[in-house]
Structures are given as C-alpha cells and as structure tokens.
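Working notes for the structure below.
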Amino acid sequence: MLRNMLTINLLWLLLAPFFCSFTAAAIAKHGCESKCGDLTVPYPFGIGLGKNCSIGSRFDVNCNTSFNPPKPFIANGNLEIVNISNDELLVKNWVAVKCYTKAGQINYRNSILINLTGTTYSLADSNKFTVVGCDDQSVFRGSSVRSFRSGCLSFCSEREVFTDGLCTGIGCCQTSIPKGLQAISYSLQTFYNHTNISSFNPCGYAFLGDENVYKFQKSDFSNPNFRNRIIENVPIVIDWAIGNQSCSSAKKSPGYACLQNSVCVDSDTGLGGYRCYCSKGYEGNPYLSPGCSDIDECKSNPCNENGICTNIPGNFSCSCKHGYYGDGTKNDRGCISENSQFPVIKFLLGFSTVFVSIIIVVTWIYFSIKKRKLVRMREKFFCQNGGLLLKQRISSNEDGIESTKIFSAEELEKATNKYAEDRILGRGGYGTVYKGILHDERVVAVKMSRIMDENQIEQFINEVIILAQVKHRNVVKLLGCCLEAEVPLLVYEYVSNGALFHHIHDNGEMPWFSWVNRLKIVAEAAGALAYLHSSASMPIIHRDVKSSNILLDNTYTAKISDFGASRLVPLDQTQVTTLVQGTLGYLDPEYFQTSQLTEKSDVYSFGVVLAELLTRKKPLSPTKSGEEKNLATYFIASVKEDRLFQILEPRILREGSFEQLQAIGELVKRCLNLKGDKRPTMKEVAMELEGLRKFTRHPWNQQRNAEENMALLSEQSDLYDITMTNQECTTSAQDSLHIDMIFPSNDPR
Ligand SMILES: *[C@@H]1O[C@H](CO)[C@@H](O)[C@H](O)[C@H]1NC(C)=O
Ligand SMILES: *[C@@H]1O[C@H](CO)[C@@H](O)[C@H](O)[C@H]1NC(C)=O
Ligand SMILES: *[C@@H]1O[C@H](CO)[C@@H](O)[C@H](O)[C@H]1NC(C)=O
Ligand SMILES: *[C@@H]1O[C@H](CO)[C@@H](O)[C@H](O)[C@H]1NC(C)=O
Ligand SMILES: *[C@@H]1O[C@H](CO)[C@@H](O)[C@H](O)[C@H]1NC(C)=O
Ligand SMILES: *[C@@H]1O[C@H](CO)[C@@H](O)[C@H](O)[C@H]1NC(C)=O
Ligand SMILES: *[C@@H]1O[C@H](CO)[C@@H](O)[C@H](O)[C@H]1NC(C)=O
Ligand SMILES: *[C@@H]1O[C@H](CO)[C@@H](O)[C@H](O)[C@H]1NC(C)=O
Numbered sequence: 036m037l038r039n040m041l042t043i044n045l046l047w048l049l050l051a052p053f054f055c056s057f058t059a060a061a062i063a064k065h066g067c068e069s070k071c072g073d074l075t076v077p078y079p080f081g082i083g084l085g086k087n088c089s090i091g092s093r094f095d096v097n098c099n100t101s102f103n104p105p106k107p108f109i110a111n112g113n114l115e116i117v118n119i120s121n122d123e124l125l126v127k128n129w130v131a132v133k134c135y136t137k138a139g140q141i142n143y144r145n146s147i148l149i150n151l152t153g154t155t156y157s158l159a160d161s162n163k164f165t166v167v168g169c170d171d172q173s174v175f176r177g178s179s180v181r182s183f184r185s186g187c188l189s190f191c192s193e194r195e196v197f198t199d200g201l202c203t204g205i206g207c208c209q210t211s212i213p214k215g216l217q218a219i220s221y222s223l224q225t226f227y228n229h230t231n232i233s234s235f236n237p238c239g240y241a242f243l244g245d246e247n248v249y250k251f252q253k254s255d256f257s258n259p260n261f262r263n264r265i266i267e268n269v270p271i272v273i274d275w276a277i278g279n280q281s282c283s284s285a286k287k288s289p290g291y292a293c294l295q296n297s298v299c300v301d302s303d304t305g306l307g308g309y310r311c312y313c314s315k316g317y318e319g320n321p322y323l324s325p326g327c328s329d330i331d332e333c334k335s336n337p338c339n340e341n342g343i344c345t346n347i348p349g350n351f352s353c354s355c356k357h358g359y360y361g362d363g364t365k366n367d368r369g370c371i372s373e374n375s376q377f378p379v380i381k382f383l384l385g386f387s388t389v390f391v392s393i394i395i396v397v398t399w400i401y402f403s404i405k406k407r408k409l410v411r412m413r414e415k416f417f418c419q420n421g422g423l424l425l426k427q428r429i430s431s432n433e434d435g436i437e438s439t440k441i442f443s444a445e446e447l448e449k450a451t452n453k454y455a456e457d458r459i460l461g462r463g464g465y466g467t468v469y470k471g472i473l474h475d476e477r478v479v480a481v482k483m484s485r486i487m488d489e490n491q492i493e494q495f496i497n498e499v500i501i502l503a504q505v506k507h508r509n510v511v512k513l514l515g516c517c518l519e520a521e522v523p524l525l526v527y528e529y530v531s532n533g534a535l536f537h538h539i540h541d542n543g544e545m546p547w548f549s550w551v552n553r554l555k556i557v558a559e560a561a562g563a564l565a566y567l568h569s570s571a572s573m574p575i576i577h578r579d580v581k582s583s584n585i586l587l588d589n590t591y592t593a594k595i596s597d598f599g600a601s602r603l604v605p606l607d608q609t610q611v612t613t614l615v616q617g618t619l620g621y622l623d624p625e626y627f628q629t630s631q632l633t634e635k636s637d638v639y640s641f642g643v644v645l646a647e648l649l650t651r652k653k654p655l656s657p658t659k660s661g662e663e664k665n666l667a668t669y670f671i672a673s674v675k676e677d678r679l680f681q682i683l684e685p686r687i688l689r690e691g692s693f694e695q696l697q698a699i700g701e702l703v704k705r706c707l708n709l710k711g712d713k714r715p716t717m718k719e720v721a722m723e724l725e726g727l728r729k730f731t732r733h734p735w736n737q738q739r740n741a742e743e744n745m746a747l748l749s750e751q752s753d754l755y756d757i758t759m760t761n762q763e764c765t766t767s768a769q770d771s772l773h774i775d776m777i778f779p780s781n782d783p784r
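Residue 36 is where the sequence shown starts when you use the working numbering, and the numbers rise one by one after that.
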C-alpha cells in the first residue's frame with residue numbers, strides 16, 4: 036500500500052513537468068481533443084458536435100474520422116476546415132466547372148452554393164471571385180444583411196498574349212466582394228459552347244478564393260487537374276466572431292468570452308460580434324480559463340548578453356550585470372563594461388602623458404638652449420676677457436697663480452645677492468666693489484670692472500697676475516677672478532675697516548686713530564710697496580698710490596689695493612714708457628711730463644699720502660689759493676720755510692714727538708722731490724718709517740708690537756736682505772742708516 040503510493044508519487048513527480056507544460060500550452064478545452072488530423076483546433080472551437088468542447092455549437096468542429104487522416108468540417112456543414120487562426124478560418128474551395136466537347140457540353144459541377152446564414156461566419160473580403168476560361172461568364176450572388184450581385188466575363192482566343200501571374204480579363208476575370216456575405220452562389224455560362232477553342236480550353240471555371248494565393252497561368256486553360264489544384268491550394272477565407280454583440284455590450288453580458296489579460300476587438304463584418312486577443316506581453320488562449328498568461332520574455336534573451344533580464348507582468352526590464360553600465364538592451368549602448376571605459380581613461384591618460392612629456396621636452400630644450408646660449412656667452416666673455424690669455428699665463432707660470440681660483444659667474448651672482456645695491460662697498464675708477472659671501476661663508480669683496488675694450492684685456496690679465504703673485508700681509512689678497520661675466524670680476528679678501536682716506540678726512544664719521552696707529556699703517560703700506568718694487572720675479576709699480584687705495588682691517592693693518600693701473604717692470608729695465616695714469620694730486624709730476632714710469636712715481640704718491648696723513652688736508656684743494664692748492668707743493672714749501680709744525684694736524688702735534696715729526700716731515704719732503712732720482716726708494720721709506728715707529732713705542736703695546744714686528748720681519752725677510760744698490764739714493768740711504776743708528780732696532784728704550 037505504502038509502496039504503491041510511493042510509486043504513484045514518484046511517477047507523478049516524473050510526469051508532472053509534462054502535464055504542467057501541457058496545461059500551460061493549453062489549446063483546447065480541458066478534456067477535449069485539440070487535433071483533427073493535421074489541424075489543431077483551438078478553443079473557442081472544439082472538436083466534436085454537441086460535446087461542449089467549443090464555446091457554442093456553431094464552433095463545433097465535425098471531425099469525420101471515416102477519412103484518413105480525419106477531416107474537420109464546420110459544424111454540420113460541408114466546409115472542410117484547412118486552418119484556424121485567431122482572426123479567420125480557411126476552408127477548402129468549391130469550384131464551378133463546365134466543360135465542352137466538340138459535340139456539346141459536359142456539365143461537370145456547374146452550380147455552387149455556400150450558405151452560412153444563422154452562424155457568426157461570413158466570407159472575408161480578402162476572397163476574390165474568379166472566372167478562368169476563354170468563352171465563359173458567371174454571375175455571383177451574395178446575401179447577408181443586404182444582397183450583392185456581381186459577375187465576371189472572360190473571352191480570349193488562342194492567339195492572345197497572356198501574362199502569367201496577372202488576371203487581367205483576358206482568359207481570367209476577377210472581381211472583389213464585400214465583407215460580411217454569408218450566403219453566396221455562382222454558376223458558369225457560355226456564349227459559344229467553347230466552339231473553335233475547345234482544343235486549348237475545353238473547360239471554364241469559377242471560384243471564390245484568397246486573392247493572394249491564386250496566380251493565373253495560361254496552362255490553366257488546358258490543365259485537367261486545374262479544379263483539384265484550386266481546391267487543394269486556394270482556400271476560401273472566412274471571418275468569424277463570437278456572438279453578435281459588440282465588445283462594449285458583451286462585456287456587460289454574462290458569458291463574455293475574453294478572459295484575463297486579454298483585449299476585446301469588435302468584428303468589422305457588420306454582423307456584430309467580437310474576438311479576443313491576448314494583451315501585449317501575454318500569451319495563450321484568451322478564451323480559455325484563466326485567460327492569457329504572462330510571457331516570460333527573458334527566455335528569449337531580449338537583453339544584452341551582459342545584461343540581467345527581469346520579467347515583469349506584461350513586460351520585462353533589462354539591467355546590466357555588476358561591472359557594466361547602460362540600459363541593458365541589445366544595442367550598442369546596451370551594456371558597456373566599466374572596463375571598457377578603461378581604454379578611454381587609458382587614452383586620456385596616454386594623451387595627457389604624451390602632452391606633459393612634450394611640454395617637459397620642449398621646456399627642457401628651451402632651457403638647454405638658453406643654458407647653452409649662456410654657456411656660449413660665458414665662453415665668449417671668457418675669451419673676450421682674456422681667459423685664454425690668463426690660462427696661458429697660468430700654464431707658463433705655474434707656481435705663481437696656483438692659488439688663484441677662477442670663479443663661476445653663478446657663484447659670484449649668488450654671493451653678491453645678484454649685485455644688490457646694499458652690497459656695494461664702493462665705486463671707483465675701475466669699477467664697483469660689492470661685498471660678497473661665498474658658499475663657505477667667507478666674506479669677500481667682488482670688484483666688477485668697468486666694461487673693457489680689447490686693448491685693456493692684457494692689462495686686466497696683468498693685474499690678475501700681479502695680484503696672484505703677490506703674497507704679502509699688507510697687500511689685499513686676490514682670491515680669484517671670474518671671466519665668464521660680461522665684465523671681468525675680481526674677488527678679493529674682504530677688508531673690513533674701509534680706506535685710509537676716509538679715516539683721515541671723514542671727520543666725525545670715523546674714530547680718531549692715534550699717531551701710533553698712523554705710523555703703523557704708513558710703515559706697513561710703505562713696506563708693502565717696497566716689497567712690490569723689489570719683487571724677486573718682476574718689480575711691480577703700483578702707479579695709483581693714494582689714501583683711498585690703502586685699506587684698513589679691524590686691527591688697523593694696512594692693505595694696499597687697486598692694482599688696476601699697476602705695471603710689471605722687467606728686471607733689466609728701470610723704467611718703462613707708458614700712458615700717464617694715476618690720480619691727480621698724487622701724480623708724480625716728472626712722470627706726468629716724461630711718461631717715463633719708474634718706481635719713484637710710487638714714492639712721490641706715497642709722499643703725498645704721508646703729507647695727507649700729517650696735515651689732514653686733501654692732495655688737491657681747488658677752493659684754496661696759491662700754494663695751498665696743491666698739498667705737495669704746499670708741504671714742501673712749508674718744510675723749506677720751517678713752517679712744518681704750523682700745517683700739521685694739531686692732534687698729531689700733541690701725540691708725536693718733535694724728532695719724529697721733524698724726521699717724517701723731512702722724509703715727505705724727500706719723497707716729494709720733483710726729481711725722481713732724488714727721492715728715496717720705497718724700501719728706504721719703509722725702513723725710516725719702521726724706525727720712527729720703534730721710537731714711539733709705548734710700554735703697554737711693546738710686547739704686541741714686537742711680535743707683530745717679528746711676523747713682519749719674517750714675512751718680509753727678502754725686503755730687508757736687499758742691499759741698496761740705487762746710487763741716486765745714497766743720501767737717503769745715509770739718512771735711513773742715520774735713523775737706524777739713532778733708534779737701534781733691538782731695544783728702543
Ligand atoms: C453539454 O452542456 C449542456 C448544458 O451545459 C448539458 O445539458 C449537456 O448534457 C452537455 N453535453 C455533454 C455531452 O456533456
Ligand atoms: C463522414 O463522411 C462520410 C462520407 O462522406 C459520411 O457518410 C458520414 O455520414 C460522415 N459522418 C459524419 C459524422 O458526418
Ligand atoms: C495555419 O495557419 C498558420 C498561420 O496562419 C500556419 O502557420 C499554418 O501552417 C497553417 N496550417 C495549415 C495546415 O495550413
Ligand atoms: C440559407 O439557409 C437558410 C436557413 O438555414 C434559408 O432560410 C435561406 O433561404 C438559405 N439561403 C439560400 C440563398 O439558400
Ligand atoms: C450550345 O449547346 C446547347 C446544348 O447542347 C445548345 O442548346 C445550344 O444551342 C448551343 N449553342 C451554340 C451557340 O452552339
Ligand atoms: C468558328 O469557326 C467557324 C469557321 O471558321 C466560324 O464561321 C465561326 O464564326 C466561329 N465561331 C466563333 C464563335 O468564333
Ligand atoms: C443575436 O443572437 C441571438 C441568439 O444567439 C438572437 O436571439 C438575437 O436576435 C440576435 N441579435 C441580432 C441583432 O441579430
Ligand atoms: C514595456 O517596457 C518598456 C520599457 O520598459 C516600455 O517602453 C513599454 O511601453 C512597456 N510595454 C508595455 C506593454 O507595458
């Protein structure tokens with residue numbers, strides 16, 4: 036028992052899908068046949084007369100099984116159904132035929148009557164009444180609500196030209212019928228019993244049929260199977276409808292045939308009635324309970340392959356899978372992978388990368404061209420400024436210039452804060468001097484020379500070489516130069532306390548410095564000049580000795596500067612002829628007149644500096660009259676007239692001893708001698724001043740000065756080694772010796 040149930044259940048489980056799918060696709064009423072032979076009979080039609088399988092007896096289909104295969108007929112009539120569709124029925128044709136022999140006529144089946152009165156069927160207007168034959172005519176009679184009469188006449192001879200496929204009235208006549216005819220009849224008549232034409236057209240034909248199906252051919256005249264061809268191939272179209280009410284009235288009545296999800300459409304035959312159709316998006320049989328069912332559109336994949344189809348009643352919707360965007364339909368914009376944006380992004384990215392690269396490259400090229408231009412310009416300047424000459428000199432004179440560095444233009448630009456106004460230390464005849472701070476925090480003075488012409492290049496190089504060779508405590512040290520800039524730049528050590536000139540003349544601005552310091556300064560300056568004049572390799576004449584070219588550092592150590600006009604004098608020459616150069620007031624008159632430059636010119640200039648220092652008067656006083664105009668002449672005159680102490684600075688008078696001032700006055704006078712030969716050498720001047728210094732020493736600075744002196748001695752040892760060879764200077768030599776004897780160097784006190 037239990038086992039049986041189990042088997043049945045299992046069987047049901049196995050069969051259920053079949054049954055279910057069967058019910059879903061229901062065509063006929065439950066329990067009724069749906070097929071008669073090859074014909075599918077959908078409800079509201081039903082197979083079987085009076086079997087309640089159709090919606091009403093008029094929709095019964097008489098399936099006569101005595102035929103094989105069985106043949107379906109409309110109700111109890113003789114119209115064989117060929118096809119049933121939602122709109123119409125197709126039934127087998129009825130053809131009127133009348134054949135003739137030479138002897139006479141053979142009546143085949145002449146008269147046709149189709150009577151559908153009392154049913155809801157009517158003949159569709161897609162049927163056409165057709166007569167085929169060359170000596171035939173037919174009258175068509177139709178009736179329904181009103182009667183209709185028409186006819187067709189067809190004549191032709193064998194010689195006619197027929198066009199296959201066209202029924203034009205020659206051999207074939209066609210006429211239209213109106214909708215809604217329910218009873219029709221037609222029969223054939225002839226005029227001449229096909230006399231003379233029976234050889235090619237023995238029969239005439241008349242039939243009603245689907246105009247779209249029948250196509251006339253000439254061979255139809257003599258085709259003995261023409262009737263069968265028409266019956267089998269050209270159906271009669273029959274309109275059908277439910278009842279005789281319109282949709283609007285039928286909906287209010289019981290037995291309204293259109294079930295759920297269906298729409299009602301009125302019949303257009305004029306006989307009333309309606310048909311039902313499934314609403315859009317639904318399928319099934321609208322007459323069969325429960326009506327139309329939703330179409331699962333998603334089964335046919337209406338969406339994009341990357342879309343998700345959602346079936347909704349009567350419709351469906353598409354969306355896209357995760358990772359896609361779009362409306363989900365089967366078109367270009369259906370579903371686009373978000374990754375497919377990637378090429379766009381990639382393109383944009385690529386494009387912008389290329390763009391940026393181009394900009395970078397262009398910028399790079401621009402700057403490298405600019406830089407190359409700058410480098411070229413610098414090279415040009417380097418050459419123009421005598422860089423090659425200097426290099427040549429360096430290579431030929433290795434030991435001298437090693438320590439001279441060649442600075443880059445950038446380095447100096449940075450050091451001077453781009454040559455800012457507040458960095459200017461001073462302006463002079465040879466250019467502007469800037470304070471600079473190198474990257475190693477060394478403070479330097481950068482002299483920017485005036486724009487040079489090419490003739491001055493050698494001179495400039497000379498200055499560099501002179502200064503590079505000079506290593507003296509009291510000469511401003513040249514650290515290097517820069518030739519890359521438009522104008523040559525010289526880099527000196529920075530001397531912090533300004534020029535002697537300012538200390539002498541800028542009353543009040545500079546602190547007063549003592550006689551002791553003044554002596555120290557001039558002694559040092561004289562020593563430095565003497566050193567230059569007696570330089571071992573090649574004597575150097577400064578040519579522009581003046582108080583503003585003697586710089587002071589914070590310990591009042593003198594530094595000779597500005598060698599812009601300096602000249603190297605070859606050892607075998609004692610004098611060179613040059614263009615006169617120097618500063619008025621300091622300028623050696625003999626040199627001025629003869630252009631013969633000797634080291635004595637520097638002695639003269641130094642004499643003026645000494646006079647300046649002693650008197651605090653400027654070398655030239657244009658406002659003063661006569662002798663006083665020129666300090667040198669004025670000083671000499673004063674000494675000669677024994678008025679020295681009247682022109683000396685009062686404070687110096689107080690601080691210096693009588694002997695000292697007397698001696699220094701005498702020294703100045705000798706230095707300012709108009710004849711260079713009569714002037715002492717710079718060495719003698721230096722020694723005398725050194726001697727005077729020793730004489731003035733105070734106990735409190737004795738120690739320090741002694742040390743300083745030692746340093747000086749060791750530094751300038753070669754200076755002191757030099758024996759006086761200048762014959763013109765014998766008197767000066769004696770003078771200095773004399774001074775030495777008065778002030779022995781070992782112990783002044
Ligand atoms: C058909 O239906 C009618 C009424 O609905 C009923 O009287 C008749 O017996 C039915 N006939 C058959 C064969 O079921
Ligand atoms: C079926 O067709 C045969 C032959 O035409 C006829 O004798 C018979 O009566 C028909 N049967 C029905 C049920 O119509
Ligand atoms: C009936 O008509 C339908 C559609 O009009 C067609 O698909 C079908 O083949 C026809 N059946 C026959 C037997 O002519
Ligand atoms: C058609 O049949 C009906 C009865 O069913 C009849 O009254 C009518 O006269 C017939 N019509 C023709 C043209 O035979
Ligand atoms: C046609 O045939 C019929 C009957 O055989 C006859 O009465 C008639 O006169 C014939 N008509 C002609 C024009 O031959
Ligand atoms: C048939 O042919 C004969 C002889 O040629 C002719 O006299 C007669 O008129 C023709 N009949 C018709 C209907 O054309
Ligand atoms: C409609 O049909 C019914 C019976 O089916 C009949 O009683 C009625 O008179 C018909 N009405 C018209 C307008 O033909
Ligand atoms: C089905 O949906 C589409 C779009 O969602 C809409 O355009 C269409 O009108 C709908 N059809 C029906 C029958 O609702």
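Cβ coordinates follow ideal geometry from the N, Cα and C atoms, glycine included. Please read all numbers here as calculations on a predicted model, not as lab measurements.
Backbone CA spacing between residue i and residue j [nearest angstrom]
| i | j | result |
| --- | --- | --- |
| Leu502 | Ala561 | 17 Å |
| Glu68 | Tyr135 | 46 Å |
| Lys506 | Leu567 | 10 Å |
| Thr398 | Gly358 | 41 Å |
| Lys415 | Phe402 | 19 Å |
| Val638 | Gly726 | 18 Å |
| Tyr360 | Asn350 | 21 Å |
| Phe680 | Trp550 | 15 Å |
| Ser182 | Ser281 | 23 Å |
| Thr819 | Gln252 | Here the chain comprises residues numbered 36 to 784, so residue 819 is not present and cannot be evaluated. |
| Gly385 | Ile371 | 21 Å |
| Pro259 | Lys133 | 12 Å |
| Ser335 | Gly319 | 17 Å |
| Ser192 | Ala241 | 19 Å |
Sheet register partners of residue i (DSSP bridge)
| i | result |
| --- | --- |
| Tyr309 | Ile277 and Asp301 |
| Asp677 | None, per the DSSP bridge assignment. |
| Cys517 | Leu524 |
| Ser570 | DSSP lists no partner for Ser570. |
| Pro107 | Cys98 |
| Ile671 | Answer is none; Ile671 lacks a bridge partner. |
| Val130 | Phe242 |
| Arg184 | Arg176 |
Contact check, residue i vs residue j, beta carbons under 8 Å
| i | j | result |
| --- | --- | --- |
| Asn128 | Asn111 | no |
| His169 | Phe256 | In the sequence under discussion, the amino acid at residue 169 is Cys, which differs from the His named in the question. Yes, Cβ-Cβ distance for Cys169 and Phe256 is below 8 Å. |
| Gly363 | Asn339 | yes |
| Leu564 | Val643 | no |
| Ser636 | Ile576 | yes |
| Leu216 | Ser178 | yes |
| Tyr309 | Ile273 | no |
| His540 | Lys653 | yes |
| Leu124 | Trp275 | yes |
Taking 7 Å as the limit, name every residue whose beta carbon sits nearer than that to some heavy atom of ligand 6, in sequence order.
Any heavy atom of ligand 6 counts here; residues with a Cβ closer than 7 Å to one of them, in chain order, are Tyr227, Thr230 and Asn231.
Using a strict less-than 6 Å threshold between each residue's beta carbon and the heavy atoms of ligand 2, what residues do you get?
My final list is Asn97, Asn99 and Ser101.
Closer than 7 Å is what we want: which residues have a beta carbon that near any heavy atom of ligand 4? List them in chain order.
Every residue passing the under-7 Å Cβ criterion appears here: Leu148, Asn150, Thr152, Gly153, Ser178, Ala218 and Ser220.
Between the region 290-305 and the region 253-268, are three or more C-beta pairs nearer than 8 Å?
Too few Cβ pairs lie closer than 8 Å, so no.
Three or more C-beta pairs closer than 8 Å, one from the region 302-316 and one from the region 201-212: is that the case here?
Look at the beta carbons and you see the region 302-316 not touching the region 201-212: under three pairs across the two are nearer than 8 Å.
Could you say if the region 650-665 and the region 696-704 meet the contact criterion of at least three C-beta pairs nearer than 8 Å?
When Cβ pairs closer than 8 Å are counted between the two stretches, the region 650-665 is seen not to touch the region 696-704, the count staying below three.
At least three beta-carbon pairs within less than 8 Å, the region 149-166 to the region 244-251
Yes, the region 149-166 is in contact with the region 244-251.
Give a yes or no on contact between the region 668-675 and the region 505-524, applying the rule of three or more CB pairs nearer than 8 Å.
With a cut-off of 8 Å, the region 505-524 and the region 668-675 do not count as touching, because too few Cβ pairs lie within range.
Could you tell me whether the region 578-595 touches the region 529-549, using the rule of 3 or more Cβ pairs below 8 Å?
Touching, yes, given that three or more Cβ pairs across the two stretches are closer than 8 Å.
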